[in-house]
Amino acid sequence: MKFYVIQTIMGILGSVGFAVLFGILDRKLIGIALGGGAGWAVYLLCTANGQSMFVGLFVASLFIAAFSEVLARVLKAPVILLLVPMLIPEIPGGDLYYAMYDLVQRHFTDFGNSANKVLMEAGAIALGIILASYISKFILNIQLHLVRKT
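Heads up, the sequence shown is in the UniProt record's numbering, so the first residue is 1 and it goes up one at a time.
So this is what it looks like as C-alpha coordinates:
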(Lines of atoms letter the chains of each structure in order from A and count residues from 1; the text may use other names and numbers.)
(Lines give C-alpha, C1' and ligand atoms only; values in the text may rest on other atoms or scores of the structure.)
Protein backbone atom coordinates (compact mmCIF):
# COMPACT_ATOMS: atom_id res chain seq x y z
CA MET A 1 0.00 0.00 0.00
CA LYS A 2 2.82 2.37 0.92
CA PHE A 3 4.38 1.77 -2.50
CA TYR A 4 1.21 2.92 -4.29
CA VAL A 5 0.86 6.04 -2.15
CA ILE A 6 4.47 7.03 -2.82
CA GLN A 7 4.05 6.33 -6.54
CA THR A 8 0.90 8.48 -6.67
CA ILE A 9 2.63 11.34 -4.84
CA MET A 10 5.50 11.12 -7.33
CA GLY A 11 2.96 11.29 -10.17
CA ILE A 12 1.51 14.45 -8.62
CA LEU A 13 4.96 16.01 -8.19
CA GLY A 14 5.99 15.12 -11.74
CA SER A 15 2.87 16.69 -13.21
CA VAL A 16 3.13 19.83 -11.08
CA GLY A 17 6.85 20.14 -11.82
CA PHE A 18 6.28 20.14 -15.55
CA ALA A 19 3.33 22.51 -15.21
CA VAL A 20 5.55 24.99 -13.36
CA LEU A 21 8.26 24.46 -15.98
CA PHE A 22 5.68 25.38 -18.64
CA GLY A 23 4.77 28.54 -16.71
CA ILE A 24 1.42 27.42 -15.30
CA LEU A 25 1.29 29.07 -11.89
CA ASP A 26 -2.39 29.66 -11.16
CA ARG A 27 -5.38 27.61 -10.06
CA LYS A 28 -4.83 25.18 -12.93
CA LEU A 29 -2.03 23.60 -10.86
CA ILE A 30 -4.54 21.97 -8.51
CA GLY A 31 -6.38 20.31 -11.39
CA ILE A 32 -3.11 19.25 -13.00
CA ALA A 33 -1.95 17.75 -9.71
CA LEU A 34 -5.23 15.86 -9.30
CA GLY A 35 -5.20 14.63 -12.89
CA GLY A 36 -1.56 13.58 -12.88
CA GLY A 37 -1.83 11.75 -9.58
CA ALA A 38 -5.17 10.15 -10.36
CA GLY A 39 -3.97 9.11 -13.82
CA TRP A 40 -0.92 7.41 -12.36
CA ALA A 41 -3.13 5.77 -9.71
CA VAL A 42 -5.38 4.43 -12.49
CA TYR A 43 -2.32 2.97 -14.22
CA LEU A 44 -1.13 1.37 -10.98
CA LEU A 45 -4.61 0.00 -10.30
CA CYS A 46 -4.79 -1.59 -13.76
CA THR A 47 -1.35 -3.18 -13.58
CA ALA A 48 -1.88 -4.34 -9.97
CA ASN A 49 -5.03 -6.17 -11.11
CA GLY A 50 -3.20 -8.20 -13.72
CA GLN A 51 -3.64 -5.98 -16.77
CA SER A 52 -0.70 -5.46 -19.08
CA MET A 53 1.30 -2.26 -19.12
CA PHE A 54 -0.29 -1.34 -22.44
CA VAL A 55 -3.84 -1.70 -21.12
CA GLY A 56 -2.86 0.29 -18.05
CA LEU A 57 -1.38 3.09 -20.15
CA PHE A 58 -4.42 3.13 -22.43
CA VAL A 59 -6.93 3.32 -19.56
CA ALA A 60 -4.84 5.89 -17.68
CA SER A 61 -4.41 8.13 -20.73
CA LEU A 62 -8.12 7.79 -21.51
CA PHE A 63 -8.92 8.89 -17.95
CA ILE A 64 -6.41 11.77 -18.05
CA ALA A 65 -7.62 13.02 -21.43
CA ALA A 66 -11.27 12.88 -20.34
CA PHE A 67 -10.40 14.66 -17.09
CA SER A 68 -8.49 17.30 -19.08
CA GLU A 69 -11.46 17.86 -21.39
CA VAL A 70 -13.81 18.42 -18.44
CA LEU A 71 -11.32 20.54 -16.49
CA ALA A 72 -10.61 22.68 -19.56
CA ARG A 73 -14.32 23.54 -19.83
CA VAL A 74 -14.52 24.37 -16.11
CA LEU A 75 -11.35 26.49 -16.05
CA LYS A 76 -11.88 27.94 -19.55
CA ALA A 77 -8.39 26.86 -20.58
CA PRO A 78 -6.99 25.01 -23.60
CA VAL A 79 -7.12 21.24 -23.18
CA ILE A 80 -3.52 20.80 -24.31
CA LEU A 81 -2.31 23.12 -21.54
CA LEU A 82 -3.74 20.74 -18.95
CA LEU A 83 -3.23 17.46 -20.78
CA VAL A 84 0.52 17.58 -21.36
CA PRO A 85 1.64 18.01 -17.73
CA MET A 86 -0.88 15.38 -16.57
CA LEU A 87 0.55 12.85 -19.03
CA ILE A 88 4.16 13.27 -17.88
CA PRO A 89 4.02 10.36 -15.38
CA GLU A 90 2.78 8.04 -18.15
CA ILE A 91 5.79 8.58 -20.43
CA PRO A 92 7.81 5.36 -20.74
CA GLY A 93 11.14 7.04 -20.00
CA GLY A 94 12.96 3.96 -18.74
CA ASP A 95 12.03 1.88 -21.76
CA LEU A 96 13.03 4.72 -24.08
CA TYR A 97 16.38 4.99 -22.30
CA TYR A 98 17.05 1.28 -22.75
CA ALA A 99 16.09 1.44 -26.42
CA MET A 100 18.54 4.28 -27.04
CA TYR A 101 21.21 2.55 -24.94
CA ASP A 102 20.87 -0.61 -27.03
CA LEU A 103 21.11 1.44 -30.22
CA VAL A 104 24.27 3.25 -29.09
CA GLN A 105 25.83 -0.04 -27.93
CA ARG A 106 24.96 -1.57 -31.31
CA HIS A 107 22.77 -4.27 -29.78
CA PHE A 108 20.36 -4.07 -32.67
CA THR A 109 18.22 -7.06 -31.72
CA ASP A 110 17.69 -5.69 -28.22
CA PHE A 111 17.11 -2.23 -29.70
CA GLY A 112 14.39 -3.60 -31.96
CA ASN A 113 12.63 -5.24 -29.03
CA SER A 114 12.96 -2.15 -26.82
CA ALA A 115 11.90 0.24 -29.56
CA ASN A 116 8.89 -1.93 -30.37
CA LYS A 117 7.84 -1.84 -26.71
CA VAL A 118 8.23 1.96 -26.56
CA LEU A 119 6.19 2.41 -29.75
CA MET A 120 3.43 0.19 -28.40
CA GLU A 121 3.38 2.15 -25.13
CA ALA A 122 3.26 5.45 -26.99
CA GLY A 123 0.51 4.06 -29.20
CA ALA A 124 -1.55 3.04 -26.16
CA ILE A 125 -1.22 6.56 -24.74
CA ALA A 126 -2.13 8.13 -28.08
CA LEU A 127 -5.17 5.88 -28.52
CA GLY A 128 -6.46 6.85 -25.09
CA ILE A 129 -6.11 10.54 -25.91
CA ILE A 130 -7.75 10.16 -29.32
CA LEU A 131 -10.69 8.19 -27.93
CA ALA A 132 -11.33 10.70 -25.13
CA SER A 133 -11.08 13.60 -27.56
CA TYR A 134 -13.48 11.91 -29.98
CA ILE A 135 -16.00 11.19 -27.22
CA SER A 136 -15.75 14.79 -26.01
CA LYS A 137 -16.35 16.19 -29.49
CA PHE A 138 -19.24 13.76 -30.00
CA ILE A 139 -20.92 14.88 -26.77
CA LEU A 140 -20.39 18.56 -27.65
CA ASN A 141 -21.94 18.01 -31.08
CA ILE A 142 -24.98 16.35 -29.50
CA GLN A 143 -25.34 19.27 -27.09
CA LEU A 144 -25.08 21.79 -29.93
CA HIS A 145 -27.63 19.85 -31.95
CA LEU A 146 -30.07 19.78 -29.03
CA VAL A 147 -29.61 23.50 -28.37
CA ARG A 148 -30.31 24.34 -32.02
CA LYS A 149 -33.54 22.32 -31.97
CA THR A 150 -34.98 24.29 -29.05
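Idealized CB from N, CA, C, for every residue including glycine.
K76 sits in coil when the DSSP states are folded into three classes, being neither helix nor strand. Under the Cβ criterion (8 Å, minimum of three pairs), the stretch 1-21 counts as touching the stretch 30-38. Leaving aside the five residues that flank A66 on each side, the residues in its chain whose CB is nearer than 8 Å to its CB run, in chain order, A132, I135 and S136. Taking each of K28, L29, C46 and A41 in turn and checking the Cα distance to M10, the smallest one comes out for A41. Of all C-beta pairs linking the stretch 106-117 to the stretch 42-50, fewer than three are shorter than 8 Å, placing the two stretches out of contact. Annotation for L21: the continuous alpha helix (DSSP H) segment containing it runs K2 to L21. For the pair A19 and P85, the CB atoms are nearer than the 7 Å cut-off. When the Cα atoms are used, F58 and L119 turn out to be separated by approximately 13 Å.
By the Cβ neighbour-count rule, S61 is buried, with 16 or more other Cβ atoms within 10 Å of its own. Membership of D102 in the alpha helix (DSSP H) is indicated by the continuous run G93 to V104.
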